[in-house]
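S.K.: Counting from 1, one number per residue, gives the positions in the sequence shown under the UniProt record's numbering.
Beta carbons: idealized from backbone N, C-alpha and C, even for Gly.
Quick caveat, the model's predicted, so the values are computed rather than measured.
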Amino acid sequence: DPEDTSEELTEVVCLESDLQDGQMMEVEVGQHSVLLTRSEGQYSAIGNQCTHYGAPLSKGVISGNTVRCPWHGACFNVHTGDLEEFPGMDCLPCHKVKIQNSKVYVTVNTKVSRQNVMVYYLSVSVGAASLICAETLRQENFGGRIIMVTRDDLLPYDKTRLSKVMNVENDSILLRRMEFFQQYDIEVWLRKEVMSVDTDKKKVTFDDGSVESYDQLLISTGCRAKGLDVPGMKLKNVLMLETPEDARQIHKACLGCNVVLVGTSFVGMEIASYLIDKSSSITVIGSSELPYQNTLGREVGKVTMTVRKKERFFLSSVSLSFPFLLKVKEVVLKSGYVIPADVLIVGIGECNAYFFLSACISCLQYMRTNVPSVYCGGDLATFPLAMAKNQLVNIGHWQMAQAHARIAALNMLDKPTELSSVPFYWTVLLGKTIRYAGGLTHTCTNDEVIAAASLNYDPAVSAVAERFAAGKIITKKEAEYVKSFHLWIILVILLVFTLTPSGHKISYYRFN
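#1: Considering F468, what are the terminal residues of the alpha helix (DSSP H) in which it resides?
#2: Is there a Cβ from chain C that is less than 8 Å from the Cβ of D158?
#3: By alpha-carbon positions, which one of P340, D171, F206 ends up nearest to N237?
#4: Which residues mark the beginning and the end of the beta strand (DSSP E) in which D185 is found?
#5: In three-state DSSP terms, what is H486?
#6: Quick one: residues in its chain with C-beta nearer than 8 Å to the C-beta of T382, no 5 flanking neighbours on either side, listed in chain order?
#7: Taking 6 Å as the limit between beta carbons, can you name the residues of its chain near D342, skipping five residues before and five after?
#8: For T205, I'd like the list of residues in its chain whose CB is within less than 6 Å of its CB, leaving aside the five on either flank, ordered along the chain.
#9: May I ask you to list the residues that DSSP assigns as paired with H95?
#10: To the nearest angstrom, report how far apart V106 and V78 are at their CA atoms.
#11: Taking V12 as the reference, give the member of Q23, E28, G22, M24 with the closest Cα.
#12: For I434, count the other beta carbons within 10 Å of its own beta carbon; 16 or more makes it buried, fewer makes it exposed. Which is it?
#13: Under DSSP, the beta strand (DSSP E) around N394 begins and ends at which residues?
#14: With a Cβ-Cβ cutoff of 8 Å, do V267 and L239 count as a contact?
#15: Thinking just about the alpha-carbon of each residue, which of P416, D152, A247, D207 is nearest to the one in M166?
#16: In whole angstroms, give me the CA-to-CA distance for A134 and T306.
#17: Using 10 angstroms around the beta-carbon of M118, count the other beta-carbons present and answer buried if the total reaches 16, otherwise exposed.
#18: Quick check on the DSSP output: the beta strand (DSSP E) that includes P384 runs from which residue to which?
#19: What separation, rounded to the nearest whole angstrom, lies between the Cα atoms of residue 548 and Q100?
#20: Flag this pair as touching only if the region 369–383 and the region 397–414 have three or more C-beta atom pairs under 8 Å; answer yes or no.
#21: With a CB to CB cut of under 7 Å and the five nearest residues on each side skipped, what residues in its chain are close to L290?
#22: Out of curiosity, what's the CA-to-CA distance linking I489 and G22?
#23: Mind pulling the beta strand (DSSP E) runs of 3 or more residues that sit fully within the region 149–215?
#24: Which runs of the beta strand (DSSP E) fall wholly inside the region 213–255 and span at least 3 residues, in chain order?
#25: If you reduce the DSSP assignment to three classes, tell me which class F76 lands in.
#26: How many Å lie between A225 and D185 at the Cα?
#27: Does DSSP put N411 in a helix, in a strand, or in coil?
#28: State the Cα-Cα distance for the pair Q49 and D447, rounded to the nearest angstrom.
#29: For Q399, which three-state DSSP category applies?
#30: Could you spell out the range, first to last residue, of the alpha helix (DSSP H) harbouring F142?
#31: Exposed or buried, Q31, counting other C-beta atoms within 10 Å across all chains shown (16 or more means buried)?
Next up, the structure:
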């Protein structure tokens, strides 16, 4: 048998004939979960847990030398463990494989649970995009100064969790701790706001009067929550979600209360789902006929309306107002319908986070702006989407922000690289997971499928995303009659959803 060492553990995991090319399975070596794959006759072994949220990759989709996560679409190289598509921060550990006497042996290092992490220029904001940009620069052996600047008082954190687990502690959502930034010599300036950028002189001015020069600049400020254009938005029981402190405040304020929530897309619906068993009642008000209609489309909205619990949903309300003295006590629709409210939560969308930016920034090829040495990424960026034949789109989502940043960093280093990522969304509604790949942001011709969605049916959407990433066209006819990866593809264009209604009651109001 292959030799063992004090730091290594080797075990037989299967026979050489157990896997064919293009197949994978989970095996265990000691206490380690390992993904064993076979590609072009070669066995490989990497960690089985996605570095984003720990999904078992063995339940994902393998295509060539890549495995795609079933939950959120992250991709890893099956031979090296390298992270090839976001979301996620780290690579996977890569384990030794040996074939002897028709048996497959895998050796894991018992003292290392992960491969070394990836590890500038000036970056405005310290969100997901800025962090990935800085890490990619260090990974590519850039040895110069890197500065990340934000007006926030927290290191980069996982903002997607705020609407899903609202009673959250800051430490539990940090993407990297201060030791990481010190180890890789990345400066992080907290509580420092950008006031202006002089692109001719390549200088940034901050709120404390200080000025910093740059060689290359990444603007990834993200967005802030948009308020309602009605009186009373400043009252103490009118809340919006932007920060971990906001999330904790919403959690505390809504316990046992009558909650009115304005907004029916990702944030609004996730907050409603989180509060369903914590508040006395939840009423959701939306501007569209259906939840998610403006982001994921009408058909996804129709399905979500069948997942019913104790919320009330109000559709198509023309306008709303709320009488108040010191705090909101009720919300009045234009129809005259009165909704009692102990707490009003507003989640109707986003607007630019910094006043020095008046609109989204349009990016050219390589995430460059039309200003030399200035790049943009994240919610603020309008960019050419490869799967949409390079039509300019704006996609405010975590995975795309990370992809933007990696492309920007490589091109800052004069390594021309185009963005080829497939948009991959996810959300949770009353314990059910919705996955969505592709987009409704671009046109569709010749009966081509442009998006796929599923509800509690992994890894169907990952399989479709992998085909999109490979540049393959899925026709309506193929989607109707062909099984892909041994699973029925669930397609928005065909309205094919698998869902058993739970019978809970939902009402829904709409307003303009």
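M.R.: With the structure as the only source:
#1: 460–469
#2: Among the chains in the structure shown there is no chain C, since it carries only a single protein chain.
#3: P340
#4: Per DSSP, D185 belongs to no beta strand (DSSP E) and is neither H nor E.
#5: In this prediction, H486 has a pLDDT of 35, which is less than 50 and means its spatial position is unreliable; nothing more can be read from the coordinates.
#6: C360, I361, S362, C363, L392, V393, N394
#7: C257, N258
#8: M195, S196, V211
#9: A45
#10: Looking at the two C-alpha atoms, the distance is approximately 14 Å.
#11: E28
#12: buried
#13: 391–394
#14: no
#15: A247
#16: In a straight line, the C-alpha of A134 is about 43 Å away from that of T306.
#17: Confidence is the limiting factor: at M118 the pLDDT is only 33, short of 50, which leaves the residue's position unreliable, though a coordinate-based value still follows. Here M118 is buried, its C-beta having at least 16 other C-beta atoms within 10 Å.
#18: 381–385
#19: Nothing can be reported for residue 548: it is not among the residues displayed for the chain, which extend from 1 to 512.
#20: In short, these stretches touch, since the Cβ pair count reaches three.
#21: Apart from sequence neighbours up to five positions away, the residues of its chain that approach L290 with a beta-carbon distance below 7 Å are R298, G301, K302, M305, ordered along the chain.
#22: Caution applies to I489, whose pLDDT of 39 falls short of 50 and renders its modelled position unreliable; the value that the coordinates give is listed next. I489 and G22: Cα-Cα distance of roughly 19 Å.
#23: 187–189, 194–198, 203–206, 211–213
#24: 216–219, 223–225, 238–240
#25: Under the three-state reduction of DSSP output, F76 falls in the strand class.
#26: 32 Å
#27: Here N411 sits in helix by DSSP.
#28: 37 Å
#29: helix
#30: Segment: none, F142 is in no alpha helix (DSSP H) and carries neither H nor E.
#31: Counting Cβ neighbours within 10 Å, Q31 comes out exposed, since fewer than 16 surround it.
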